[in-house]
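2 protein chains.
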Amino acid sequence: MDCGKVEQTLRLYQIKPSYHRIRIYQYLLERRNHPSADMIFQSLVREIPSLSKATVYNTLHLLAGKGLVRILGIVDNEARFDADTMLHGHFLCTFCGCIQDVHFQGALNDLLGLENCTIDESHLYFKGRCAVCRGLEQPLEPGDEAAGPENSS
Amino acid sequence: MDCGKVEQTLRLYQIKPSYHRIRIYQYLLERRNHPSADMIFQSLVREIPSLSKATVYNTLHLLAGKGLVRILGIVDNEARFDADTMLHGHFLCTFCGCIQDVHFQGALNDLLGLENCTIDESHLYFKGRCAVCRGLEQPLEPGDEAAGPENSS
DNA sequence: CTCTAAATTTAGAATGATTCTAAACTACTG
DNA sequence: CAGTAGTTTAGAATCATTCTAAATTTAGAG
């Protein structure tokens, strides 16, 4: 991903493109692995030793506030971040922890109970066992691995 | 809600109906306000002074594990609990913090990406501003109030 | 009714993601 | 070069949740 292009996008969204912001947003754009703040920090701090975790949080919230990043609440104890802001859902494998994009067709009609509400965000989450954990597929994208199993039942 | 009926349901789901478990599940059944663990604790500890917060967590996870309760990940920093296990979504008002049930018709077809996965749970969340906060409805159900605003922008 | 083992509950400590704070640093402006 | 606003930093603080080991309660056997 071209660094200049990332910079341009940030500017377009009224975000001053500091070095750290570029690197963090670039990480999200290149590795579409729905990382946690800590995963981003651990990966970038190797190249930017002075990087602070607070900067990662600050930047992620800034990006989210401007609509460049979506915050996923699919994992229990930590937020995950996604630079893909197009409408789509997510699947969490509760065995290996991987998160996959879910695209769908069709629509939900007549959302009963929301007649007079404004909707700013929608989230669609699925949880279960992924194809690899079921032994039906070979692991393909090494960037999408998770730290470890969360569920051993 | 009849206490004996609650007891029966617990037994049906292979949960030994101790006093605390009955009270906690009864709370969830009566007050359909999607409470946090702390809200349940604060409410019940007034009548059961010896109640421990660990018991609330233990019981909620037990109920969730048996399928009697759903854990909602709609709020950022805390889990919410719902005794209604029928398929439905939820709406969070980011201004007053209230959570409303969302029922819908229609279906999502062709969940691309999940072809070889098993799905154990699905969650549909919306966030926005509720009818009351928009001034279009009068507050109706006092049991569904939240602690305070989470968003003042 | 008493004893015993298992299950349940408890208080408080520990954990860990996130937020806060105040200071240090950087980049522009004049 | 000084001033100001914006950015970054380390480390402390917060807070929901989990863990731990002990205390208590329950159920069943004798």
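Chains U and W supply the protein sequences, listed in that same order. Throughout, our numbering is defined as the position within the first sequence, counted from one, plus 1035. Throughout, our numbering is defined as the position within the second sequence, counted from one, plus 1035. Even glycine gets a Cβ: it sits at the ideal position worked out from N, Cα and C. Predicted model, so just to flag it, every value in this text is computed and none were measured.
Boundaries of the alpha helix (DSSP H) harbouring F1076 of chain U: 1072 to 1079, taken from the DSSP string. Close partners of R1164 of chain U in chain W (Cβ separation under 7 angstroms): C1152, T1153. When C-beta atoms of the region 1109 to 1129 of chain W are compared with those of the region 1160 to 1168 of chain W, three or more pairs fall below 8 angstroms, so the two segments count as touching. Using beta-carbon distances, D1111 of chain W counts as an interface residue toward chain U, with a partner under 9 angstroms. In the three-state scheme derived from DSSP, where H, G and I count as helix and E and B as strand, V1137 of chain W is classed as strand. The beta carbon of K1088 of chain U sits closer than 8 angstroms to those of A1072, D1073, F1076, all from its chain and outside the five residues before and after it, given in chain order.
Under the Cβ distance rule, F1116 of chain W does not count among the residues neighbouring chain U, no pair being separated by less than 9 angstroms. Annotation: the continuous alpha helix (DSSP H) that includes E1065 of chain W extends over 1054 to 1065.
Taking a contact to require three or more Cβ pairs closer than 8 angstroms, the region 1099 to 1106 of chain W and the region 1047 to 1061 of chain W qualify as touching. Rounded to whole angstroms, L1079 of chain W and Q1061 of chain W show a C-alpha spacing of 11 angstroms. Sequence-ordered contacts of the region 1044 to 1063 of chain W with chain U are nonexistent [C-beta pairs closer than 8 angstroms].
The shortest CA-to-CA distance from L1171 of chain U to any of W:C1168, W:L1171, W:Q1173, W:T1153 is the one to W:T1153. Comparing C-alpha distances from L1147 of chain W to each of U:N1151, U:L1149, U:V1137, U:E1065 shows the shortest one belongs to U:V1137. Residues of the region 1130 to 1141 of chain W with a C-beta less than 7 angstroms from any C-beta of chain U: Q1135, D1136, V1137, H1138, F1139, Q1140, G1141, listed in chain order. The beta-carbon separation of L1107 of chain U and H1069 of chain U, rounded to 6 angstroms, stays under the 8 angstroms limit for a contact.
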